[in-house]
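Report on the structure given below.
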Amino acid sequence: MTKPTRKFRYPTKDSAPVRIALTLAGVAYIALFLLTPLIAVFAEALRNGAAAFLAAITEKDALAAMWLTLTVAAIAVPLNTIFGLAAAWSVAKFDFWGKSVLITLIDLPFSVSPVISGLVYVLLFGAQGYLGPWLDELGIKVIFTVTGLVLATVFVTFPFVARELIPLMQEQGVAEEEAALSLGASGWQMFWRVTLPNVRWGLLYGILLCNARAMGEFGAVSVVSGHIRGLTNTMPLHVEILYNEYNFAAAFAVASILALLALVTLVLKSALEWRYGDEIAATHRH
Amino acid sequence: MALKIERITKRFGTVSAVREVSLTVEKGEFMALLGPSGSGKTTLLRVVGGLELPEEGTLSFDGRDLTHVPARERRAGFVFQHYALFRHMTVAQNIAFGLDVRPISKRLARRDVNERVEALLNRMQLEGLGKRYPSQLSGGQRQRVALARALAIEPLMLLLDEPFGALDAKVRKDLRQWLRALHDETKLTTIMVTHDQEEALALADRVAVMNNGQIEQVGPPSELIDKPASAFVREFLGTDGEGI
Amino acid sequence: MTAVANSWRFKKPSVLPGFGLTLGFALFYLSVIVLIPLAALLLRPWELGVDGVFAAVTAPRVVAALQLSFGAALIASLINAVFGLIVAWMLVRYEFPGKRIIDALVDLPFALPTAVAGIALTTLYAPNGWIGQYLEPLGIKVAYTPLGVVFALTFIGLPFVVRSVQPVLADLEKEFEEAAASLGATRAQTFRRVIFPAVLPSWLTGVALAFARAVGEYGSVIFIAGNLPMVSEIAPLLIIIKLEQYDYAGAAAVGSAMLAISFLLLLAINMLQAWARAR
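Structural data, given as structure tokens:
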């Protein structure tokens with residue numbers, strides 16, 4: 101009705117120039133550091149055409165690497181899931197001395213370089229490790245074998261499920277479990293029928309992250325693997341070998357499979373966050 | 431020389447929270463906006479404070495058109511329902527805030543700011559609490575800090591959004607008397623939003639009863655009780671004409 | 037029954053079952069996977085004797101590598117500190133096309149294998165790379181230099197600051213900003229005095245996490261770093277080289293040194309956060 105003699109602005113809104121500047125800065129930062137590498141992976145993979153791409157990913161050693169990656173993940177992820185459930189149960193539902201020490205220990209791999217994560221196993225099981233010579237006499241080899249790969253992967257990825265479940269279970273409290281017991285359920289019944297269903301989306305989320313990291317781990321497995329093509333090379337290690345041989349297109353071809361896996365992980369992760377955000381601790385964290 | 435609210439309409443999506451409301455608040459008057467939740471009283475207060483932009487209508491104070499003036503330039507002292515005290519600042523820092531953010535040319539010397547804060551602390555019965563943090567105060571104390579903070583900027587008008595809503599009954603009664611005394615002393619144009627009719631009738635010079643985005647009746651408490659203009663007013667006030 | 041007023045209990049009594057089983061398993065697992073191997077790491081260097089350890093850790097090549105790893109991590113964390121905050125702000129406060137996609141993409145460094153990131157970044161910034169070719173003529177070398185390391189570490193640490201600040205920013209009630217505005221503050225003043233202090237603790241957490249991650253990073257850096265000793269060699273690489281030379285003690289010494297420095301730095305940051313939270 102009256103002509104505005106000056107511009108009204110809501111106190112919680114930024115002015116247009118500020119908004120535009122910040123948005124541009126943010127988007128440019130994301131584009132430069134995230135998008136361009138991602139696009140580069142796929143572009144370089146297809147540089148020599150689709151035929152070369154297919155040849156690279158169906159090549160014998162590449163397939164062996166994929167198989168090994170899957171195997172390692174198939175062992176490490178379930179193990180870490182069981183650990184995560186156990187740790188979360190004891191930490192979230194009980195009050196005991198030393199609880200925060202336990203929680204800090206669980207976070208440890210996040211502050212440790214992946215190379216150190218592999219190093220520690222070499223120091224234990226390597227040819228000059230503490231236990232190495234002894235195990236050697238028993239005919240048990242750890243380093244340079246799949247066992248070593250699994251150990252290193254387990255070290256690096258075990259926090260994921262636990263970290264997801266602990267805050268979630270803490271938030272959910274003990275009332276429902278106590279109710280179940282009061283109604284006559286046994287411990288396992290209570291766990292299967294009450295606890296697990298309550299945390300299923302958080303559990304799935306944690307497993308998703310654990311798996312992504314397990315399949316993509318590089319530094320830790322690099323130390324314990326013998327880099328033996330076809331035998332002890334996971335996909336990331338295989339990418340490294342191809343790249344160092346200047347076989348760029350093939351390296352990127354295998355890398356693009358991993359990148360695709362990462363994108364699928366992101367999509368599933370977003371879907372879980374979007375649909376079940378309330379039941380996932382990560383969206384409440386920090 | 432008053433606050434003139436003329437045919438203000440505020441919509442949120444398809445819902446009209448305030449519909450063509452007109453009201454004049456005389457200078458120095460204590461006006462209560464009374465009504466149930468959803469009546470639009472808080473929205474109207476926020477429009478006056480510059481926290482919402484009305485779709486239609488105008489606002490003026492002392493002849494100056496305020497309709498499009500941003501909140502920070504309105505010098506309307508707003509006291510929020512849950513106080514919105516800055517939790518990482520001490521009580522003294524909270525109160526001084528409006529003075530600290532003035533443009534450099536208009537800023538007071540540190541000493542003057544401190545004096546003002548001290549004076550307000552004393553007047554608000556918050557002596558000695560300057561260095562405490564909001565989390566260390568009781569509800570009633572926090573409320574007085576919120577008031578002190580709004581008063582520190584020497585506002586042209588005081589806008590109170592359900593100031594006693596979060597407090598228990600005894601504290602409410604005490605603060606009521608104290609607020610009225612404060613008003614008589616400062617002679618500030620004051621608008622208070624409340625859903626408590628006892629409070630409105632006890633404190634205000636005039637009460638505007640709102641319902642569904644519109645004002646049903648405006649007048650001194652006695653008039654509202656003796657001559658309710660509609661069934662709604664009569665029922666909402668719930669008195670049987672016995673006076674306060 | 038004797039009074040139990042002040043008796044110390046390991047665990048508060050509870051009707052829920054399974055404590056012993058789950059805690060026992062968790063501790064066992066932790067010991068085997070983490071504690072014992074870490075003990076090996078911390079014990080091993082000492083076979084060189086105290087002097088040996090000191091010499092191993094202060095050797096010029098080691099010092100240079102540690103400086104690069106920690107220094108580049110610091111710079112990368114600072115870049116992420118500034119831009120991460122901007123991105124978090126933009127995602128929480130503004131609307132623009134593609135916002136959902138960008139929000140999801142922020143987690144890419146979490147999901148993408150480090151080796152893939154490493155070769156992609158190298159290809160981008162190599163002298164004949166997509167971006168590198170424009171920087172070459174300007175005299176800016178990224179690939180195979182410490183600058184490349186910084187870029188790679190910026191990629192790695194990007195999500196930490198954003199994800200730490202985002203939820204806190206989203207939960208901030210607008211009443212505080214309205215109060216500040218009604219008291220006469222400009223947007224800039226409101227940000228500096230009201231909004232930023234509220235997100236400071238979580239921002240510091242994010243920066244600390246980004247830093248911790250960047251310090252130990254290997255896969256995304258190893259390709260783009262020049263790996264020239266004393267110049268562009270990161271500490272984790274030095275550990276691997278020592279292992280290949282069977283210098284287990286030396287490798288363990290460098291590893292322990294990295295852990296010790298990280299621990300001290302993170303302790304400092306934790307204290308900084310505690311201070312920020314208590315304000």
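In order, the protein sequence lines correspond to chains F, Z and Y.
Here the numbering used here runs 100 ahead of the position in the first sequence, where the first position is 1.
Here the numbering used here runs 430 ahead of the position in the second sequence, where the first position is 1.
Here the numbering used here runs 36 ahead of the position in the third sequence, where the first position is 1.
No residue lacks a Cβ here, since even glycine has one placed at the ideal position from N, Cα and C.
Note that the structure is predicted; figures quoted are calculated from it, not measured.
Taking C-beta pairs closer than 7 Å, name the residues in chain F that TYR130/Y reaches, listed in chain order.
ARG119, THR123
First and last residue of the beta strand (DSSP E) that includes ARG441/Z?
First-last of the beta strand (DSSP E) with ARG441/Z: 433-442.
Beta carbon proximity, TYR129/F to chain Y, threshold 8 Å:
At a cut-off of 8 Å between C-beta atoms, TYR129/F counts as an interface residue with respect to chain Y.
Mapping DSSP to helix, strand and coil, what is VAL40/Y?
For VAL40/Y, the predicted structure reports a pLDDT of 44, less than 50, and the residue's modelled location is therefore unreliable. The matter cannot be settled from this model.
Expressed to the nearest angstrom, what Euclidean distance is found between the alpha-carbon atoms of ILE674/Z and LEU667/Z?
Unreliable placement is indicated for ILE674/Z, whose pLDDT of 43 sits below 50; no coordinate value is reported for it.
Do you know offhand how far ASN344/F's Cα is from ALA261/Y's?
Each residue's Cα considered, the two are about 14 Å apart.
With 16 as the cutoff for other CB atoms within 10 Å, does LYS202/Y come out buried or exposed?
This sequence places Gln at residue 202/Y; Lys is not what is there. It is buried - the Cβ of GLN202/Y has at least 16 other Cβ atoms within 10 Å.
Roughly how many angstroms separate the alpha carbons of PHE460/Z and THR241/Y, rounded to a whole number?
48 Å
Measuring alpha carbon to alpha carbon, tell me which residue in LEU368/F, ALA355/F, GLU276/F is nearest ASN298/F.
For the residues LEU368/F, ALA355/F, GLU276/F, the minimum Cα distance to ASN298/F belongs to GLU276/F.
Measure the Cβ-Cβ separation of LEU550/Z and ALA596/Z and say whether it is below 8 Å.
no
Run through DSSP, which three-state label would ILE583/Z get?
coil
Min CB distance PRO53/Y to chain F below 8 Å:
PRO53/Y counts as touching chain F.
In terms of residues, what are the limits of the beta strand (DSSP E) holding ARG147/F?
ARG147/F -> no beta strand (DSSP E), and no H or E assigned at all.
Of the residues ILE243/F, ILE307/F, GLY239/F, SER217/F, which one's Cα is nearest the Cα of GLY229/F?
ILE243/F
Alpha carbons only, please: which of ILE137/Y, VAL235/Y, GLU269/Y is nearest the one belonging to ALA117/Y?
VAL235/Y
Compute the distance between the beta-carbons of ALA351/F and VAL339/F, then report whether it is under 8 Å.
yes
Hey, is the segment 264-277 of chain Y in contact with the segment 64-76 of chain Y, meaning 3+ C-beta pairs nearer than 8 Å?
no
8 Å Cβ cutoff met for SER292/Y and PRO81/Y:
yes
Compare the C-beta of ARG228/Y against all C-beta atoms of chain F and say whether one is closer than 8 Å.
no
Since TYR221/F meets chain Y, which of its residues come closer than 7 Å, beta carbon to beta carbon?
By Cβ distance, chain Y contributes PRO73.
Pairwise C-alpha distance: PHE258/F and LEU59/Y
15 Å
Excluding the five sequence neighbours on either side, which residues of its own chain have a C-beta within less than 8 Å of the C-beta of LEU77/Y, listed in chain order?
ALA288, GLY291, SER292, LEU295, listed in sequence order.
Short-range partners of chain Y found in the segment 322-344 of chain F, where Cβ spacing is below 8 Å
SER322, VAL323, MET335, PRO336, LEU337, VAL339, GLU340, TYR343
State the Cα-Cα distance for the pair ALA630/Z and VAL509/Z, rounded to the nearest angstrom.
17 Å
Quick check: what's the CA-CA separation for GLU213/Y versus PRO111/F?
7 Å
Could you tell me if MET307/Y is buried or exposed, where buried requires 16 or more neighbouring beta carbons within 10 angstroms of its beta carbon?
MET307/Y is exposed by the Cβ-count criterion.
Could you check whether the segment 284-298 of chain F touches the segment 357-374 of chain F, counting it as contact only if at least three pairs of C-beta atoms, one from each stretch, sit closer than 8 Å?
no
Buried or exposed by the 16-neighbour rule on C-beta atoms within 10 Å, applied to PRO316/Y:
This structure leaves residue 316/Y out entirely; chain Y is present only between 37 and 315.
Run of the alpha helix (DSSP H) containing VAL448/Z, from where it starts to where it stops
No alpha helix (DSSP H) contains VAL448/Z, which is instead part of the beta strand (DSSP E) from 445-455.
Name, going along the chain, the residues of the segment 497-524 of chain Z whose beta-carbon falls closer than 8 Å to a beta-carbon of chain F.
THR497, HIS498, VAL499, PRO500, ALA501, ARG502
Quick one: residues in its chain with C-beta nearer than 8 Å to the C-beta of PHE516/Z, no 5 flanking neighbours on either side, listed in chain order?
Excluding residues within five positions, the ones whose Cβ falls inside 8 Å are GLN523, ASN524, PHE527, PRO564.
Proximal residues to ALA162/F (C-beta, below 7 Å), its chain only, five neighbours per side dropped
ALA156, HIS338, VAL354
Pair every Cβ in the segment 138-153 of chain Y with every Cβ in the segment 279-286 of chain Y, then say whether three or more of these pairs are closer than 8 Å.
no
For SER286/F, name the three-state secondary structure that DSSP assigns.
coil
Quick check: is the beta carbon of PHE183/F nearer than 8 Å to any beta carbon in chain Z?
no
When the Cβ atoms of the segment 323-331 of chain F are set against those of the segment 233-253 of chain F, are three or more pairs found closer than 8 Å?
Yes: at least three Cβ pairs fall under 8 Å.
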